[in-house]
Amino acid sequence: MSTAATELNADTGDLLQVGNRRFTSRLLIGTGKYRDLEETGRAVEASGAEVVTVAIRRTNIGQNPDEPNLLDVVPPDRYTILPNTAGCYSAKDAVRTCRLARELLDGHNLVKLEVLGDEKTLFPDITETLVAAEQLIADGFEVMVYTSDDPLIAKRLEEMGCVSVMPLAAPIGSGLGIQNRYNILEIVENAAVPIIVDAGVGTASDATIAMELGCDGVLMNTAIAAAREPLLMASAMRKAIEAGREAYRAGRMPRRRYASASSPLDGTIF
Amino acid sequence: MLVMQVNINGQSRDLPTGATAADLIDLLGLGGKRLAMEINEELLPRSRYPDHQLRDGDTVEIVHAIGGG
Numbered sequence: 179m180s181t182a183a184t185e186l187n188a189d190t191g192d193l194l195q196v197g198n199r200r201f202t203s204r205l206l207i208g209t210g211k212y213r214d215l216e217e218t219g220r221a222v223e224a225s226g227a228e229v230v231t232v233a234i235r236r237t238n239i240g241q242n243p244d245e246p247n248l249l250d251v252v253p254p255d256r257y258t259i260l261p262n263t264a265g266c267y268s269a270k271d272a273v274r275t276c277r278l279a280r281e282l283l284d285g286h287n288l289v290k291l292e293v294l295g296d297e298k299t300l301f302p303d304i305t306e307t308l309v310a311a312e313q314l315i316a317d318g319f320e321v322m323v324y325t326s327d328d329p330l331i332a333k334r335l336e337e338m339g340c341v342s343v344m345p346l347a348a349p350i351g352s353g354l355g356i357q358n359r360y361n362i363l364e365i366v367e368n369a370a371v372p373i374i375v376d377a378g379v380g381t382a383s384d385a386t387i388a389m390e391l392g393c394d395g396v397l398m399n400t401a402i403a404a405a406r407e408p409l410l411m412a413s414a415m416r417k418a419i420e421a422g423r424e425a426y427r428a429g430r431m432p433r434r435r436y437a438s439a440s441s442p443l444d445g446t447i448f
Numbered sequence: 085m086l087v088m089q090v091n092i093n094g095q096s097r098d099l100p101t102g103a104t105a106a107d108l109i110d111l112l113g114l115g116g117k118r119l120a121m122e123i124n125e126e127l128l129p130r131s132r133y134p135d136h137q138l139r140d141g142d143t144v145e146i147v148h149a150i151g152g153g
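Protein chains in written order, with the numbering used here: chain A, 179 to 448; chain B, 85 to 153.
Encoded structure:
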């Protein structure tokens, strides 16, 4: 990354810190739903993301063993790979998936925990999420956890030792934007670990709003992959995240009901 | 040759009796790939592939990373 804004953020030490890992970019992106691996790699590049999520799935047996691999376009020596537990509906399956992921990535212990409860909404199953988080933390994982926008649960996940709490903005893949910004604000204000909005962002302004609320980052996939021009949207999201973060740090002006002239009233010629 | 039946990623397969996890990887043409293996829901670390003999009726999962959010 080479934009002046990114350099400014790096210079001022405004980094996203998750556990002991530090990142310049506050945009985390998924690698699903792209047309092909080439587009995936280019979108990741255009987004400036340093943390990239992947899913763990069965290897195709008996098919072309030389087919290209996702980790060729997002190499683990260049990106922080964040394996997810997408598709898991129980704590047990989520823990199994994380153990496989850690082995796959040579002991890399950072995971995105998501335990789903319902196929229609893909809302998290909170009770199973709590069980899985406890087991994973005890097993030495650093857990970034997808959860609902419930402030009490967010705090509890933090207190259990999750390195980041990731409340949804809206259902996964819905693109509806932040549905309850007061909940997100409440979570952010009470947090001692990074709060990363995960899921539900639809376009650049949604990401900016999340950052203006004080979120530490945004994780998205469909908003980029399902855009008509994914690479352009990846670039838009990079800027949206930076703009929102800078606006948050700058501190917005107070809202007022009536006008306040920007030009001085003294010295008018009439 | 004596054979045993092992379930691999949901498919039943005949393997030579006594085949190890490393043999299985070779048989499937997956040597050198970045993957992970679980046998009967227990992770099998890569370092144990050469020594771990599969048994008749084992359920094996072999996974890799794919695109996902």
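For every residue, glycine included, the Cβ atom is placed at its ideal position computed from N, Cα and C.
Nearest to Cys340 (chain A) by C-alpha distance, out of A:Ala221, A:Ala437, A:Asn198, is A:Asn198.
Of all residues in the region 211-233 of chain A, the ones placed with a Cβ closer than 9 Å to any Cβ belonging to chain B are Lys211, Tyr212, Leu215, Thr218, Thr231, Val232, Ala233, in chain order. Neighbours of Asn93 (chain B) in chain A, taken as residues whose beta carbon is under 9 Å from its own, are Arg236, Thr237, Asn238, Ile239 in chain order. Proximity of chain A to Pro129 (chain B) at the Cβ level (cut-off 9 Å) is accounted for by Glu281, in chain order. Each of B:Gly151, B:Asp140, B:Gly94, B:Asp107 was checked against the Cα of Tyr133 (chain B), and the nearest Cα belongs to B:Asp107. In the DSSP assignment, Asp110 (chain B) falls within the alpha helix (DSSP H) that extends over 105-111. Spatial neighbours of Ala310 (chain A) in its own chain (CB-CB distance under 7 Å, excluding positions within 5 residues in sequence) are listed in chain order as Ala269, Ala272, Val273, Leu291, Val293. Closer than 7 Å to the CB of His136 (chain B) there is not a single CB belonging to chain A. In the DSSP secondary-structure assignment, Val323 (chain A) is bridged to A:Leu291, A:Val343. When C-alpha distances from Gly395 (chain A) are compared across A:Lys211, A:Val229, A:Thr209, the shortest belongs to A:Val229.
Put simply, the CB of Arg118 (chain B) is near chain A, with a gap under 7 Å to one of its CB atoms.
With distances taken between CA atoms, Val90 (chain B) lies nearest to B:Arg139 out of B:Glu126, B:His148, B:Gly152, B:Arg139.
The C-alpha of Thr381 (chain A) is placed about 12 Å away from the C-alpha of Ala347 (chain A). For Leu260 (chain A), no Cβ of chain B is located within less than 7 Å of the residue's own Cβ. Separation of the CB atoms of Ile146 (chain B) and Asn93 (chain B) is rounded to 6 Å, and the pair is thereby assigned contact status at 8 Å.
The C-beta of Thr209 (chain A) comes closer than 7 Å to at least one C-beta of chain B. For secondary structure counted as the beta strand (DSSP E) over 3 or more consecutive residues, the region 381-441 of chain A holds these complete runs in sequence order: 395-398.
In the three-state reduction of the DSSP assignment, Asn91 (chain B) falls in the strand class.
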